[in-house]
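In UniProt numbering, the protein residues as written are 1 to 246.
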Amino acid sequence: MIAVILAAGMATRLRPLTDRCPKCLLEVGGKSLLQRSLDALMENGIRMFVVVTGYKGEMIEGFIRDHYQEQIARGDAAFRFIDNKDYATTNNIYSLWLARPEVDGREFLLLDSDLLYDSKLITVMLSQPGAALSVNRHPLGEEEMKVVVDNDHTIVAINKTCNPAEAYGESVGVEKFSAEYSTALFRELRKMIVDEGLSNVFYEKAFERLIPQGHAFRMVDTTDIYSTELDTIEDFDKAKEDNGKL
1 MIAVILAAGM ATRLRPLTDR CPKCLLEVGG KSLLQRSLDA LMENGIRMFV
51 VVTGYKGEMI EGFIRDHYQE QIARGDAAFR FIDNKDYATT NNIYSLWLAR
101 PEVDGREFLL LDSDLLYDSK LITVMLSQPG AALSVNRHPL GEEEMKVVVD
151 NDHTIVAINK TCNPAEAYGE SVGVEKFSAE YSTALFRELR KMIVDEGLSN
201 VFYEKAFERL IPQGHAFRMV DTTDIYSTEL DTIEDFDKAK EDNGKL
């Protein structure tokens with residue numbers, strides 16, 4: 001299994017915290033978000049990593065090479081770094097597209113780099129058959145990436161604009177792709193980015209476009225496993241308070 005971590009964004013809503021370092025290197029409880037995520041993935045047996053960087057990408061690459069030097073030397077971890085040079089004008093869909101040479105047609109796990117979560121989340125996601133997407137249930141507003149499911153827990157919509165009352169919950173930002181879904185995904189991303197110029201939208205737009213083509217995620221309710229996304233100063237402060245839950 002390969003883990004793809006998207007870490008190209010500028011995180012402007014976390015300024016001034018991100019003026020000098022990328023969001024994934026912010027620390028909670030003495031460890032950066034990135035280190036916590038990599039440790040959780042390695043704990044679950046993942047050894048291959050694709051990290052898409054952009055804003056202050058040299059800091060991310062340097063951090064990984066310094067902190068995981070022994071694992072790399074032993075062959076217990078391998079990293080492929082991809083630089084999104086257009087990070088300032090593109091969204092995460094473009095960073096995902098750049099990972100295509102490494103994971104097109106292969107099983108992989110996709111994670112946003114601004115997550116703080118319990119390692120059990122990875123354990124649960126890796127145990128799922130086929131394509132799966134992690135969802136948390138809580139009161140929803142306009143900002144959340146909302147997920148609508150059918151009676152079989154198959155995702156039928158995923159966006160920020162749907163009626164919160166119709167949504168099951170919020171996408172956590174962790175997805176598991178089957179090889180079949182991966183092939184369909186990068187075929188759709190080619191259409192969106194190369195043919196249509198849609199490089200500044202969320203990657204969930206591609207997920208939605210694949211649903212009527214017969215490619216849909218199974219929703220995995222991970223509400224009982226701690227996870228949170230750090231988008232704002234308030235999120236960061238709350239995460240520091242929540243550190244004891246990990």
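Just so it is clear, CB atoms sit at the ideal spot from N, CA and C, and this is done for glycine as well.
Since the model is a prediction, treat every value here as computed from it, not as a measurement.
Roughly how many angstroms lie between the CA atoms of residue i and residue j, to the nearest whole one?
{"i": "residue 122", "j": "residue 218", "result": "16 Å"}
{"i": "residue 20", "j": "residue 53", "result": "15 Å"}
{"i": "residue 133", "j": "residue 66", "result": "32 Å"}
{"i": "residue 59", "j": "residue 226", "result": "28 Å"}
{"i": "residue 91", "j": "residue 85", "result": "12 Å"}
{"i": "residue 166", "j": "residue 147", "result": "9 Å"}
{"i": "residue 97", "j": "residue 186", "result": "7 Å"}
{"i": "residue 101", "j": "residue 37", "result": "23 Å"}
{"i": "residue 210", "j": "residue 106", "result": "17 Å"}
{"i": "residue 31", "j": "residue 68", "result": "14 Å"}
{"i": "residue 141", "j": "residue 174", "result": "20 Å"}
{"i": "residue 224", "j": "residue 137", "result": "9 Å"}
{"i": "residue 127", "j": "residue 195", "result": "36 Å"}
{"i": "residue 89", "j": "residue 3", "result": "25 Å"}
{"i": "residue 95", "j": "residue 189", "result": "11 Å"}
{"i": "residue 87", "j": "residue 43", "result": "30 Å"}
{"i": "residue 171", "j": "residue 155", "result": "11 Å"}
{"i": "residue 182", "j": "residue 28", "result": "33 Å"}
{"i": "residue 168", "j": "residue 81", "result": "35 Å"}
{"i": "residue 197", "j": "residue 150", "result": "31 Å"}
{"i": "residue 221", "j": "residue 135", "result": "5 Å"}
{"i": "residue 63", "j": "residue 152", "result": "42 Å"}
{"i": "residue 208", "j": "residue 177", "result": "15 Å"}
{"i": "residue 83", "j": "residue 214", "result": "32 Å"}
{"i": "residue 117", "j": "residue 241", "result": "14 Å"}
{"i": "residue 145", "j": "residue 164", "result": "10 Å"}
{"i": "residue 228", "j": "residue 143", "result": "14 Å"}
{"i": "residue 180", "j": "residue 131", "result": "9 Å"}
Residues bridged to residue i by DSSP?
{"i": "residue 154", "result": "218"}
{"i": "residue 227", "result": "117"}
{"i": "residue 171", "result": "135"}
{"i": "residue 160", "result": "Residue 160 pairs with nothing; no bridge assigned."}
Tell me where the alpha helix (DSSP H) around residue i begins and ends.
{"i": "residue 184", "result": "179-190"}
{"i": "residue 209", "result": "204-210"}
{"i": "residue 233", "result": "233-242"}
Counting along the chain, where does the beta strand (DSSP E) carrying residue i start and finish?
{"i": "residue 146", "result": "146-149"}
{"i": "residue 131", "result": "Note, residue 131: premise wrong, no beta strand (DSSP E); not H, not E."}
Mind checking if residue i is an interface residue toward chain B, Cβ cutoff 9 Å exclusive?
{"i": "residue 95", "result": "Although the question refers to chain B, the structure presented lacks it and comprises just one protein chain."}
Subject >> Contained alpha helix (DSSP H) runs [length at least 4] in the UniProt domain "Nucleotidyl transferase" (3-121), N- to C-terminal order >> reply: 33-43, 57-67, 69-74, 92-98 and 100-103
Subject >> At least 3 beta-carbon pairs within less than 8 Å: the stretch 40-53 vs the stretch 65-81 >> reply: yes
Original post:
Do the stretch 149-163 and the stretch 195-209 touch if we need at least three Cβ pairs shorter than 8 Å?
Top reply: yes
Original post:
How about the stretch 14-31 and the stretch 226-244: do they share at least three Cβ pairs that are nearer than 8 Å?
Top reply: yes
**OP:** Pair every Cβ in the stretch 21-37 with every Cβ in the stretch 94-113, then say whether three or more of these pairs are closer than 8 Å.
**Re:** yes
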